[in-house]
Amino acid sequence: MKTISASLALCVLCAVLGGRTLARTDNGREFRLAIEHVHTLPKPPAGFKWAVNPDFTDEFEGEELDPAKWYDKSPYWKNGRPPATFKAYNVSVEKGCLRIKNSRLDPTEGNDGKPGTKYSLAGGAVASKSDQAWYGYYEVRMKASPTPMSSTFWLKNLPKEIRYVDEDGKLVTETHRQELDIIETMGAPTRYPNWGRQFNANTHYGLRVKGKPSPPNASAGSPRDGRNAIAPSSEAFHTYGLWWVDANTMHFYYDGKFLFTVHPSAKYNPQPFARPMYMHMVTETYSWEPSLPTDEMLNDETKNSTYYDWVRSYVLVRE
Ligand SMILES: [Ca+2]
-18 MKTISASLAL CVLCAVLGGR TLARTDNGRE FRLAIEHVHT LPKPPAGFKW
32 AVNPDFTDEF EGEELDPAKW YDKSPYWKNG RPPATFKAYN VSVEKGCLRI
82 KNSRLDPTEG NDGKPGTKYS LAGGAVASKS DQAWYGYYEV RMKASPTPMS
132 STFWLKNLPK EIRYVDEDGK LVTETHRQEL DIIETMGAPT RYPNWGRQFN
182 ANTHYGLRVK GKPSPPNASA GSPRDGRNAI APSSEAFHTY GLWWVDANTM
232 HFYYDGKFLF TVHPSAKYNP QPFARPMYMH MVTETYSWEP SLPTDEMLND
282 ETKNSTYYDW VRSYVLVRE
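Numbering (the numbering used here), first residue to last: -18 to 300.
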């Protein structure tokens, strides 16, 4: 009886103090599966344990995308790479999955849905509301569409301005930006036929110097020596995971198994991945892939979509 009273008192106290977090974690089983999933994660450092990061964790149950957590059209990348733009109407939650469909645009469009010929296809770009994804573990369970449009899961941030005075006394203004592609895949690639059977992960560090031509991104990605071999990404669901350890170290996991480590280029910054990022789940076209989805693919409901069963994210906390 004493225990029950104590628990009750604690609950009341938590309800008063806990506010939004308690309401969300007590609100049914929102994070139950993500908590159970912890045992599959890489062993945490001594003295620490993995804890669910609620802002980047979703089982995609129910009828619609959680508007508290996600945008159904990214505010960070609005128009996409031609010929495919992004449409909120291509994003849905059904049968326990986030679904991003690809479709034909007829008539074609310009930027922001205006008349034009820039875009003839549409995918979707789901973005997190939070832009505070930082060191931790990020994993998605995904099945790519069997088309030449991509299926992706990645982190990026907005440019950060840095100003300094050089040795001649001249003020230099530049911007720095991180992009961490956890998985970019394609179910039906043609230029690189193996692209759908590789764990394509990448880190890009972008630098823009005001008044000067932009230098190329400093990039480092998955090894090309077979360690990135995976099953065809559009044939079944698989999990793609990242342990963002620190500014210079990324471990990647496939179906819970460690595959390889990437050390981002430190060409423009000795600690390149030190700032938080937002999350993206996007289907897009690539400039280097000559093939585009056919009407047959786009009209086939079994082929035109990428499915995300869940995304689960974790932070290291004190034991
Ligand atoms: Ca699910």
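Every residue, glycine too, gets a C-beta built ideally from N, C-alpha and C.
Here the structure is a predicted model, which is why all the values come from computation and not from measurement.
Is it true that the stretch 99 to 106 meets the stretch 238 to 251, where meeting means three or more beta-carbon pairs spaced less than 8 Å apart?
no
Classify ALA4: buried if its beta carbon has 16 or more other beta carbons within 10 angstroms, exposed otherwise.
Taking the sequence shown and counting its residues from 1, the one referred to as residue 4 is at position 23. Because ALA4 carries a pLDDT of 42, less than 50, the predicted location of this residue cannot be relied on, and no value is offered for it.
Reference ASN71; option with closest CA among ARG80, THR128, PRO63
In the sequence shown, residue 71 corresponds to position 90, counting from 1. Checking every option, the nearest Cα to that of ASN71 belongs to ARG80.
Rounded straight-line distance, which links the Cα of ASP47 to that of THR156
For the purposes of this step, residue 156 is taken as the residue at position 175 of the sequence shown. For the purposes of this step, residue 47 is taken as the residue at position 66 of the sequence shown. Taking the straight line joining both Cα atoms gives about 32 Å.
How about TRP51: is its Cβ closer than 7 Å to a heavy atom in ligand 1?
Translated into the one-based positions of the sequence shown, residue 51 becomes position 70. False, no ligand heavy atom lies under 7 Å from that Cβ.
Thinking C-alpha only, which one of PRO170, THR38, PRO251 is nearest SER111?
Translated into the one-based positions of the sequence shown, residue 111 becomes position 130. Residue THR38 is the option with its Cα nearest to SER111.
What does DSSP give as the partner residues of VAL33 in its beta bridges?
Here residue 33 refers to the residue found at position 52 of the sequence shown. The beta-bridge partner set that DSSP reports for VAL33 consists of TYR295.
Residues bridged to GLU90 [DSSP beta-bridge criterion]
Translated into positions along the sequence shown, residue 90 becomes position 109. Bridge partners of GLU90: PRO96, TYR100.
Skipping 5 residues on each side, what residues in its chain have a beta carbon closer than 7 Å to that of PRO25?
Mapped onto the sequence shown, residue 25 falls at position 44. The residues are TRP31, LEU297.
Cβ contact check for the stretch 125 to 134 and the stretch 164 to 171: 3 or more pairs under 8 Å:
With the rule of 3 Cβ pairs closer than 8 Å, the stretch 125 to 134 counts as touching the stretch 164 to 171.
Segment contact, 8 Å Cβ cut-off, at least three pairs: the stretch 78 to 98 with the stretch 134 to 143
no
Could you check if SER268 is buried or exposed, using at least 16 other CB atoms within 10 Å of its CB as the buried criterion?
By 1-based counting over the sequence shown, the position of residue 268 is 287. When all chains shown are included, SER268 counts as exposed.
For GLU120, which residues of its own chain have a beta-carbon under 6 Å away from its beta-carbon, when the five flanking residues on both sides are left out?
As a position in the sequence shown, residue 120 is number 139, starting the count at 1. Hits under 6 Å: THR220, GLY222, ARG293.
Between which two residues does the alpha helix (DSSP H) harbouring MET278 extend?
The sequence position of residue 278 within the sequence shown is 297, counting from 1. Element bounds for MET278: 276 to 280.
Given 7 Å as the limit, tell me if ASP47 has its C-beta closer than that to any heavy atom belonging to ligand 1.
By 1-based counting over the sequence shown, the position of residue 47 is 66. No, ligand 1 has no heavy atom inside 7 Å of this Cβ.
Considering just the uninterrupted stretch of the alpha helix (DSSP H) at ILE211, what are its terminal residues?
Numbered from 1 along the sequence shown, position 230 holds the residue referred to as residue 211. For ILE211, there is no enclosing alpha helix (DSSP H), as DSSP marks it with neither H nor E.
According to DSSP, simplified to helix, strand and coil, what is TYR116?
Mapped onto the sequence shown, residue 116 falls at position 135. The answer is coil: DSSP assigns TYR116 none of H, G, I, E or B.
Given a threshold of 16 other Cβ atoms within 10 Å of its Cβ, counted over all protein chains shown, does ARG122 qualify as buried or as exposed?
The residue labelled residue 122 in the question sits at position 141 within the sequence shown. ARG122 should be labelled buried.
Excluding the 5 residues flanking ASN181 on each side, which residues of the same chain have their C-beta closer than 8 Å to its C-beta?
As a first step, residue 181 is located in the sequence shown; it is residue number 200 there, counting from the start. ASP162, ILE164, GLU165, THR166, GLY202, SER203, ASN209, listed in sequence order.
Other residues of its chain near PRO88: CB distance less than 8 Å, five sequence neighbours each side excluded:
Residue 88 sits at position 107 when you count from the first residue of the sequence shown. Only PRO96 meet the Cβ criterion.
For ARG178, does the three-state DSSP call read helix, strand or coil?
Position 197 of the sequence shown, counted from the start, is the residue given in the question as residue 178. Here ARG178 sits in helix by DSSP.
Beta-carbon proximity list for ASP147, same chain, < 7 Å, skipping 5 on both sides
Position 166 of the sequence shown, counted from the start, is the residue given in the question as residue 147. VAL153, listed in sequence order.
Which residues mark the beginning and the end of the alpha helix (DSSP H) in which ARG13 is found?
By 1-based counting over the sequence shown, the position of residue 13 is 32. Taken as a continuous stretch (DSSP letters only), the alpha helix (DSSP H) holding ARG13 covers 13 to 17.
Going by C-alpha to C-alpha distance, which of SER214, ASN183, ARG144 sits closest to PRO174?
Sequence index remark: in the sequence shown, residue 174 carries index 193 (1-based). Of the candidates SER214, ASN183, ARG144, the one whose C-alpha sits nearest the C-alpha of PRO174 is SER214.
I need the boundaries of the beta strand (DSSP E) containing ARG189, first residue and last residue.
In the sequence shown, counting from the first residue as 1, residue 189 sits at position 208. Start and end: 183 to 190.
Residue(s) in a DSSP beta bridge with LYS141
One-based indexing of the sequence shown puts residue 141 at position 160. LYS141 is bridged to HIS157.
Residue(s) in a DSSP beta bridge with LEU136
Locating residue 136 in the sequence shown gives position 155, counting from the first residue. LEU136 is bridged to LEU161, MET260.
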